[in-house]
Amino acid sequence: MNLITFLNQRKNILILTVIALFLASIQLYSFSVTSFPLTGDDTIIHYEYIKEIVALGRIDMQGFYPFLMHIIVAFLYQITNIPIEYLLFGTTVFVVSLLPFSFYYLAKVLTKNEKVSLLIAIITPLACVFGLSPYRWGGYPFLWGLTFLWFYLGFTISSLESKKIIKILISVILAVGLFLIHSPELVTSALFLTIYFIVNWKKSIKDINLYLWIILNLSVFTLIYYLIHTIFPVTVGFWGLSYLPTSFFKWLQDFILMGPGYLVSSVNLTLLVFCIWGILTRLHRKNLESSDKITFTFLVLLLLIYLDISTLHLFHFLYKFTFPWADQFRFFEFFTFPIAYFASFGLQSFITWYRNSDRHLQKSMWLYLTIVFVLVPIILFSIVLKTNVIKNSPTKEVVESIKWIDNNLEEGLILNDICWGYSAGQKVYRAVDSASWINVLTKSKVTFPYIETASNEKMQKRLYVLENIQSIKQDKLVQQYIQEENLQYVYWSENVRQNHHHEYLNMNFLKQKDIFSQIYSSSAQCNEEVFENCVYIFQINSDF
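Whatever position you read off the sequence shown (first residue = 1), add 15 for the numbering used here.
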């Protein structure tokens, strides 16, 4: 390696590090106002899995779920003794911040051009404005998988081109790692690699190492499939079941209610303009580069699948087999690399035009670029991500109430309210507030923890109590189930899930002193009036 090459590499690493720090700062700022670092429902089960690994050295799963992230965080906990919630959050921020390196590596393998690859990496934070939305529901393994996905693709292509057996073996190991971090990303990688092989079919068909790579992957994943179905005798399919929206308009409504949609964002509109500009620029060339063909075909295929997921469901059988890969809100995250790829060429073309333009026009366009590509992303991230984080993270009052429960309640089940939704193709409940965290952060248990099937007899009894709690004085069955389940308390928080409300537990009913005794409120003001962020705990009187 000569001195110039060495210095260029150091310069590139420095630039990539600055981009990564920028991406990290956005995430840290978005979480800076939260009382609890984890967001959404999914983090409840991730926290519980990590806690089980730390305490028992294993995970008690009813069905297979990728567990590598949980093992890594549990291992780090054993070394550092940092609280699990902060470790899980911190490691996720770190991994997501490596995305520019991942984009750069794949782009460099595809294009063999360092400048283009660096420009793609620079655009990464902009492509991720929408791409960080998994934080909203707590999709931390998904965020890990998205970062690792593009690196895995780059390494696999590089290993096949190098024709080195050791690199091919490492590629297979990385595929297993990707599967164990978040398995749906492996489906996306299979699509991308299939396109790569087809575009380079003349070379691929003669490559013995490619056949070796395919045989090794098939052998390893056949073994994994067998082991999973031996250990977890589930009947819902290898990957689970898919959720299908009732209609495109219902999907559109949900999409808008989640927050600003992808195209509503001015920065993403700008990014989309540069992406289209880049596509037109590249496709206008007489001799298309292999990387252009691969990335454009991948982008078109993703778009067609996304439209089908949102409307016709022509390939429902495939989506059913690969859930949650085909979930609308998750699937959009796979667009980040191809959009960044073509947007970089669009920006490159624009810069060339910009340099040759009139000086006054240059000044105005420079101001425009500064505002759009620097200020807008920061402001947008602050509003969108921070707002979603605040809405989906336990409030200070909730955290304090859970600490109180851990210190003061020794035994007795806690009744919590729920709301209904659809997931994995079936009707499921979710805690309407943050009560599900009680199960993993304290010794106490709630009636409706996160991810518990409502079909078994125990849950049916609890559901009957909740639905008929207001008839507690007259309904003998409610009284019987309360005694059988040792149900002693009720948890109620004003801070509820977005677009939901308390359906079964009414505060006016809970204030009836002949049935319930209030033993906790989050503030003195809450004793006078129920307002935002109020939290209450009631004890069910034994002589109701």
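Ideal Cβ placement from N, Cα and C applies to all residues, glycine included.
Next item on the list: Specify the secondary structure class of Gly-180 as computed by DSSP and reduced to three states.
Entry: Here residue 180 refers to the residue found at position 165 when the sequence shown is read from its first residue. In the sequence as presented, Gly is not what sits at residue 180; that position holds Ile. Helix, per DSSP.
Check: Using DSSP with H/G/I as helix, E/B as strand and the rest coil, what is Phe-553?
Finding: For the purposes of this step, residue 553 is taken as residue 538 along the sequence shown, with counting starting at 1. Looking at Phe-553 - three-state DSSP - the assignment turns out to be strand.
Check: DSSP puts Tyr-506 in a beta bridge; with which residues?
Finding: Within the sequence shown, numbered from 1, the residue matching residue 506 stands at position 491. Beta-bridge annotation (DSSP): Tyr-506 is paired with Asn-431 and Ile-552.
Margin query: Suppose the cutoff is 7 Å on Cβ atoms and the five residues either side in sequence are ignored; what does the same chain contact list for Asn-542 look like?
Written below: The count along the sequence shown starts at 1 and reaches residue 542 at position 527. Cβ neighbours of Asn-542 beyond the five flanking positions: Ser-536.
Check: So what's Ile-138 in DSSP terms, helix, strand or just coil?
Finding: Along the sequence shown, read from residue 1 onward, the residue named residue 138 stands at position 123. Ile-138 carries a helical assignment under DSSP once its states are collapsed to helix, strand and coil.
Item checked: Three-state secondary structure (DSSP) of Ala-539 -> Taking the first residue of the sequence shown as position 1, residue 539 is located at position 524. Helix, per DSSP.
Margin query: Along the chain, where does the alpha helix (DSSP H) containing Asn-128 start, and where does it finish?
Written below: Numbered from its first residue, the sequence shown carries residue 128 at position 113. Element bounds for Asn-128: n/a, residue is neither H nor E.
Check: Where does Val-461 fall in DSSP's three states?
Finding: In the sequence shown, counting from the first residue as 1, residue 461 sits at position 446. Val-461 falls in the strand class under three-state DSSP.
Note to self: Taking the straight line between their C-alpha atoms, what separation do you get for Ile-181 and Ser-451?
What the structure shows: Working through the sequence shown from its first residue, we reach residue 181 at position 166. Working through the sequence shown from its first residue, we reach residue 451 at position 436. Ile-181 and Ser-451: Cα-Cα distance of roughly 46 Å.
Margin query: Does Asp-448 pass the burial test, meaning 16 or more other C-beta atoms within 10 Å, or should it be called exposed?
Written below: Here residue 448 refers to the residue found at position 433 when the sequence shown is read from its first residue. Result: buried.
Next item on the list: Could you name the residues that DSSP lists as bridge partners for Gln-533?
Entry: Numbered from its first residue, the sequence shown carries residue 533 at position 518. Its beta-bridge partners are Phe-553.
Next item on the list: Please determine if the region 351-361 and the region 313-323 are in contact, where contact requires at least 3 C-beta pairs separated by less than 8 Å.
Entry: Counting Cβ pairs under 8 Å, three or more are found: they touch.
Item checked: Through-space distance from Glu-425 to Phe-51, alpha-carbon basis -> Against the sequence shown, residue 51 aligns to sequence position 36. Against the sequence shown, residue 425 aligns to sequence position 410. Roughly 24 Å separates the two Cα atoms.
Item checked: Sufficient close CB pairs (3 or more, under 8 Å) joining the region 406-416 to the region 52-60 -> With a cut-off of 8 Å, the region 52-60 and the region 406-416 count as touching, because enough Cβ pairs lie within range.
Next item on the list: Determine the DSSP secondary structure at Tyr-444, reduced to helix, strand or coil.
Entry: Start at 1 with the first residue of the sequence shown, and residue 444 comes out as number 429. DSSP places Tyr-444 in strand when its eight states are reduced to three.
Next item on the list: Express the C-alpha separation of Ile-60 and Asn-422 in angstroms, rounding to a whole number.
Entry: The residue labelled residue 422 in the question sits at position 407 within the sequence shown. The residue labelled residue 60 in the question sits at position 45 within the sequence shown. The alpha-carbon atoms of Asn-422 and Ile-60 are separated by roughly 23 Å.
Margin query: Measuring alpha carbon to alpha carbon, tell me which residue in Glu-200, Glu-176, Ile-137 and Lys-179 is nearest Trp-165.
Written below: Position 150 of the sequence shown holds residue 165. For Trp-165, the nearest C-alpha among the options comes from Glu-200.
Next item on the list: Determine, using beta carbons only, whether Gln-503 and Ile-453 come nearer to each other than 8 Å.
Entry: Your numbering for residue 503 matches position 488 in the sequence shown. Your numbering for residue 453 matches position 438 in the sequence shown. Contact: no.
Note to self: Please state the DSSP three-state secondary structure of Gly-255.
What the structure shows: On the sequence shown, residue 255 is found 240 positions in, with the first residue counted as 1. With a pLDDT of 35 at Gly-255, under the threshold of 50, the modelled position of this residue cannot be trusted; read the value that follows with caution. Correct three-state label for Gly-255: coil.
Item checked: Per-residue DSSP class, three states only, for Val-69 -> Start at 1 with the first residue of the sequence shown, and residue 69 comes out as number 54. Look at Val-69 here: in three-state DSSP terms it is helix.
Item checked: Buried versus exposed call for Arg-73 [16 or more other C-beta atoms within 10 Å across all chains shown] -> Sequence index remark: in the sequence shown, residue 73 carries index 58 (1-based). Exposed is the call here.
Item checked: Distance, Leu-362 Cα to Ile-291 Cα -> What you label residue 291 is simply residue 276 of the sequence shown in a count that begins at 1. What you label residue 362 is simply residue 347 of the sequence shown in a count that begins at 1. C-alpha separation (whole angstroms): 10 Å.
Check: Taking C-alpha atoms, which residue in Asp-222, Phe-365 and Phe-346 lies nearest to Leu-286?
Finding: Position 271 of the sequence shown holds residue 286. Nearest option by C-alpha distance: Phe-365.
Notebook entry, point to check: Anyone know if the C-beta pair for Tyr-551 and Gln-533 falls short of 8 Å?
Noted result: Within the sequence shown, residue 551 is the residue found at index 536, counting from 1. Within the sequence shown, residue 533 is the residue found at index 518, counting from 1. Yes, Cβ-Cβ distance for Tyr-551 and Gln-533 is below 8 Å.
Margin query: Using the three-state DSSP reduction, which class does Thr-296 fall into: helix, strand or coil?
Written below: Counting from 1 along the sequence shown, the entry for residue 296 is found at position 281. Reduced to three states, the DSSP call for Thr-296 is helix.
Item checked: Whole-angstrom distance between Asp-56 and Met-84, CA atom to CA atom -> One-based indexing of the sequence shown puts residue 84 at position 69. One-based indexing of the sequence shown puts residue 56 at position 41. Going by the C-alpha atoms only, they are around 17 Å apart.
Next item on the list: My understanding is that Pro-115 touches Ala-35, with C-beta atoms under 8 Å, so please give their C-beta distance in whole angstroms.
Entry: Position 100 of the sequence shown, counted from the start, is the residue given in the question as residue 115. Position 20 of the sequence shown, counted from the start, is the residue given in the question as residue 35. So it is a contact: roughly 5 Å between Cβ atoms.
Item checked: Alpha carbon of Ser-557 to alpha carbon of Glu-472, nearest angstrom -> If you number the sequence shown from 1, residue 557 lands on position 542. If you number the sequence shown from 1, residue 472 lands on position 457. Ser-557 and Glu-472: Cα-Cα distance of roughly 24 Å.
Check: When you compare each of Glu-129, Glu-67, Tyr-479 and Val-124 to Gln-93 by their alpha carbons, which one comes out closest?
Finding: Your numbering for residue 93 matches position 78 in the sequence shown. Looking only at Glu-129, Glu-67, Tyr-479 and Val-124, the smallest Cα-Cα distance to Gln-93 is reached by Glu-67.
Next item on the list: Enumerate in chain order the residues of its own chain whose CB-to-CB distance from Trp-159 is below 6 Å, with the five nearest sequence positions on each side excluded.
Entry: One-based indexing of the sequence shown puts residue 159 at position 144. Listed in chain order, the non-local C-beta contacts of Trp-159 below 6 Å within the same chain comprise Met-84, Val-110 and Ile-196, local neighbours out to five positions each way being set aside.
Next item on the list: Flag this pair as yes or no: are the beta carbons of Asn-521 and Asn-548 separated by less than 8 Å?
Entry: Position 506 of the sequence shown, counted from the start, is the residue given in the question as residue 521. Position 533 of the sequence shown, counted from the start, is the residue given in the question as residue 548. Going by C-beta atoms, Asn-521 is not nearer than 8 Å to Asn-548.
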